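Step one of this worksheet: look at the structure below.
Chains as they are written, first to last, in the working numbering: chain B, 5 to 482; chain X, 5 to 482.
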């Protein structure tokens, strides 16, 4: 009976306690559960199904652009991790160390990969010899481990799942082009499939990846106005190539260093999905990513003909949408809240009276709207309704992003904007890291990115008043 | 130029040195490469593509039978691993231990999972309350780590990839049925997709999984006559349920223990694929699992019209087979041996004379046979040729399995069979572990399984001469 009770428990209201609301959704929508390992989560069937759909979409986009998957070991010998100076400084403090195999102490400690640049570089140094071997466009779908002090499901966990692309190119220009191409794939995926509008831009030197020359990012705004870095794409220049001696002989038989990139998206985006779209009744999923798009609920299912009719319609709908029938012995009201909690975009109720009138009642998960649909045309009306829901979710998030974007000309305006209104602040910056640090210390906001679309909001740095070089988007972040 | 040379190097002949031939195929067909971590391999694009196809086939079969995927942590706290006595004894000696996170020593060591029974049990104890929660039919696709002394790519590596299914049922009967169902899915997959004939049976108590009540297995015969256990399915009874206290309240509100199973197939099967079908020219892949089924080689591709014609035909074939065109600037002979090495089942050569005569020359990878095909009917003849290749590969392996099966009535016959002829020995067994051990010590052969199809070859134990209980298949094994 404990189980029965849990399912109908109310979750904390989003406006009352955003953090608790988030945790409640994760638990009650059964996306993830805590494990007996501190900071590691169990990703439950719905969470895993979401990650599988994310995998399928991105993997197809990667393969269409010429990438192939490989599988690298999960361990990195300590000596290999130390080969690139900036990189090891960035990651060594937060790795898990394997010191024993069976009962024997290892001669050299192995870390569980926090990311795999060093492994790919080591491999590339072995397999790249001539210009014919380039470009190498590899990716892998694995989990990585970073020892975190404070963790939250999906947003920050000791182990998390991701894909990491690692490429090697003959020229600097081609590598930069790759970095942009992958960022665009992420942005398109976030906007079109997850209905999450993003700001594309470049990270400041302070915020860039350990070992990168440039880091590009897509930043999204959560419902509470905080930022979530949703994917990154790094241009490495030839720094790793020099550290790992990755050279190829060009068409004139001259040895050249390769130019490299890496790029990744992780299970964090499931956290973004929750924090952008969900509400006080539970999870809200955009139709394109929802594992189940439509749940059909037979009403008065004991009456003759109801279950048969529902099954017949489900069969028809199967070829156009991902549909499920809930003909369990629960009461319809229980089923309604259960499937709302799990974020199924559309509910179709069909009872004896509906059948008589040749109709079904559709209920939208995103706004609760009820629409009566003719049974004869469901193959057209249901997919079209799903498209509308997808678009409305995007539009709503886009409007929020625009409405919650403040502009600040000086420190006072900046502090006020951060203190009084949830959201991002756009402000000019001189390019000096001291100003960036000062803003972070005084307001808690970090530079999210220097957007590619630079539309200046002034001439002087919001912090020091000196001539500005860049428009920067600032915000508190997950 | 080192690269150029490597590609045309001959591999060791299979009959000269089987082990070296195997390693040469792995390297030269670019399935896997050594990494800087002892015992861990890098699975290269072709190996990864094979594993992805294995994933796709099995995952579909699992989902069709009601299973869902989850993702468990990669770590197991030492205390959790120790909960089931037999299980910890079986695995503790070969696990990798994480002792430090960042710069801090952990209070409790974590092992990198060698298998995940304990994690699933811990989770099941949390989420299973009532009969409504059963069955739980979970699976995960991950890698696991077992600290091995001697390793070989795919066959035995410190880290390997697999899927592990873990299920919980209300009754003993349902769990046993599940164990059989999954073994049948593996057997069908091995026989129909990988063209590897198998013997289905039960492991003896000595050979069963640590913690299992019964272990079922599918055993395949490699080209050298050795056995490779290709997948296993375990019935746990309620042993783990009692150790982890996994109980549900039944429909009469009585607490009951659940009945459990687990089952898995790993990247080892890629080793089986190599050792069953491949030859001295490289890898041979059954068409159903081959990532590329047909490679088209334009002959005299500089001549007008050749490349255009090849592209046009490739376009037509794309809808029926997985086809690739190699229009690189290499010589046709170089391309032939390159694609033979990589195991592409069918090569289509098309040159100016072929175009004139409206034909293409097809060359089968499995037996080198050349067949002239009419260009107008390639959409029918090419898929049909691939089906023939698939069937021929299976038939050939099946014949080998039958021809290399000896029968022994006593110890002398057994020793002779093992010493003189590669392959399996079928012989009767009294059921006493002492006989099993004696046979292993004296001949190096282990009991592979007690086949489900019991067709007795005598009445007395091949070792001790006492009354026999079971027909057992014996063999040396990987």
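We put the CB at the ideal spot given by N, CA and C, even for glycine.
If you're wondering where the values come from, they're calculated on a predicted model, not measured in any experiment.
* Could you list the residues in the stretch 92-107 of chain B with a C-beta less than 9 Å from some C-beta on chain X, going in chain order? => Those residues of the stretch 92-107 of chain B placed with their C-beta closer than 9 Å to a C-beta in chain X are 96, 97, 98, 99, 100, 101, 102, 103, 104, 105, 106, 107, ordered along the chain.
* Does the beta carbon of residue 39/B come closer than 8 Å to any beta carbon on chain X? -> For residue 39/B, the answer is yes, since a Cβ of chain X falls inside 8 Å of its Cβ.
* Grab the span of the beta strand (DSSP E) containing residue 418/X for me, first residue to last. => Segment 415-424 is the alpha helix (DSSP H) holding residue 418/X; no beta strand (DSSP E) there.
* Neighbourhood of residue 228/X by C-beta distance below 6 Å, restricted to the same chain and skipping five residues each side -> 22, 426
* 6 Å CB neighbourhood of residue 355/B in its chain, flanking five on each side removed -> 303, 304
* Asked: With a cut-off of 8 Å, does the C-beta of residue 44/X fall near any C-beta of chain B?
  -> yes
* Just checking my contact of residue 121/B with residue 239/B at CB under 8 Å: how many whole Å lie between their CB atoms? -> Contact flag wrong, Cβ pair sits at about 13 Å.
* Would you say the stretch 277-287 of chain X touches the stretch 321-340 of chain X, given that touching needs at least three Cβ pairs under 8 Å? -> no
* Asked: For residue 182/X, which option in 264/X, 115/X, 260/X, 136/X has the closest C-alpha, if you only look at C-alpha atoms?
  -> 264/X
* **Positions along the stretch 67-79 of chain B whose CB lies within less than 9 Å of some CB in chain X** => 72, 73, 74, 75, 76, 77, 78, 79
* To do: Verify the contact flag: residue 433/B, CB atom, against every heavy atom of the ligand MN, threshold strictly below 7 Å.
  => Ligands are entirely absent from the displayed structure, and the ligand MN is therefore not among its contents.
* residue 117/X at chain B interface by Cβ criterion, 8 Å -> no
* To do: For my contact list, residue 328/B and residue 301/B are in at a C-beta cut-off of 8 Å; report their separation, rounded to the angstrom.
  => At roughly 10 Å, the Cβ-Cβ gap does not stay under 8 Å, so residue 328/B and residue 301/B are not in contact.
* Asked: Which residues in the same chain have their Cβ closer than 6 Å to the Cβ of residue 421/X, if we skip the five residues on either side of it in sequence?
  -> Around residue 421/X: 410, 412, 429.
* Would you list, in sequence order, the uninterrupted alpha helix (DSSP H) runs of no fewer than 4 residues that lie entirely inside the stretch 74-120 of chain X? => 82-85, 89-95
* **Endpoints, the beta strand (DSSP E) within which residue 305/X is located** => No beta strand (DSSP E) holds residue 305/X; DSSP gives it neither H nor E.
* residue 10/X (DSSP reduced to helix, strand or coil) -> Residue placement at residue 10/X is poorly supported in this model, since its pLDDT is 46, which falls under 50; the coordinates still yield a value, given next. Assignment of residue 10/X by DSSP, reduced to helix, strand and coil, places it in the helix class.
* Asked: Between the stretch 121-138 of chain B and chain X, which residues of the former have CB atoms less than 8 Å from a CB of the latter, in chain order?
  -> Result list: 123, 126, 127, 130, 131, 133, 134, 136, 137.
* Asked: First and last residue of the beta strand (DSSP E) that includes residue 266/X?
  -> 263-270
* Asked: Just by C-beta distance, which residues in the stretch 258-269 of chain X are closer than 7 Å to chain B?
  -> none
* residue 40/B to residue 81/X, Cα distance in whole Å? -> CA-to-CA, the gap between residue 40/B and residue 81/X works out to about 7 Å.
* By Cβ distance, which residues of its chain are closer than 8 Å to residue 2/B, with the 5 residues on each side in sequence left out? -> Here chain B covers residues 5 to 482 and nothing more, so residue 2/B does not appear.
* To do: Would you decide whether residue 316/B is buried or exposed? Buried here means 16 or more other CB atoms lie within 10 Å of its CB.
  => Counting Cβ neighbours within 10 Å, residue 316/B comes out exposed, since fewer than 16 surround it.
* Asked: Leaving out five residues before and five after residue 414/B in sequence, what residues of the same chain have Cβ atoms less than 7 Å from its Cβ?
  -> 466
* Asked: Near residue 24/B, what residues of its chain come up, given a Cβ to Cβ distance below 6 Å and the 5 sequence neighbours on each side ignored?
  -> 16
* Candidates 161/B, 145/B, 374/B: which alpha carbon is nearest residue 267/B's? -> 145/B
* Exposed or buried, which one is residue 8/X when buried takes at least 16 other CB atoms within 10 Å? -> The predicted model places residue 8/X with a pLDDT of 44, which falls under 50 and marks its position as unreliable; any figure quoted below should be read in that light. Classification for residue 8/X: exposed.
* To do: Determine the chain B residues that contact residue 56/X at a beta-carbon separation under 8 Å, and present them in chain order.
  => Per Cβ cutoff of 8 Å: 73.
* Sequence-distant residues of its chain with Cβ nearer than 6 Å to residue 14/B (five each side left out) -> none
* Using beta-carbon positions only, say whether residue 433/X and residue 402/X come within less than 8 Å of one another. => no
* Does the beta carbon of residue 84/X come closer than 8 Å to any beta carbon on chain B? -> Cβ-Cβ to chain B under 8 Å: yes for residue 84/X.
* Which residues in chain B sit within 9 Å of residue 475/X, going by Cβ to Cβ distance? -> Neighbours of residue 475/X in chain B, taken as residues at a C-beta separation under 9 Å, are lacking, since the least C-beta distance is about 36 Å.
* To do: Pull up the DSSP beta-bridge partners for residue 172/X, would you.
  => According to DSSP, residue pairing for residue 172/X in a beta bridge involves 140/X, 264/X.
* Asked: Apart from the five residues just before and just after residue 102/B, which ones in its own chain have a Cβ nearer than 8 Å to its Cβ?
  -> 79, 110, 113, 114, 115, 116
* Asked: Does DSSP put residue 319/B in a helix, in a strand, or in coil?
  -> helix
* Reduced DSSP category for residue 346/B - H, G, I as helix; E, B as strand; rest coil -> Three-state result, residue 346/B: coil.
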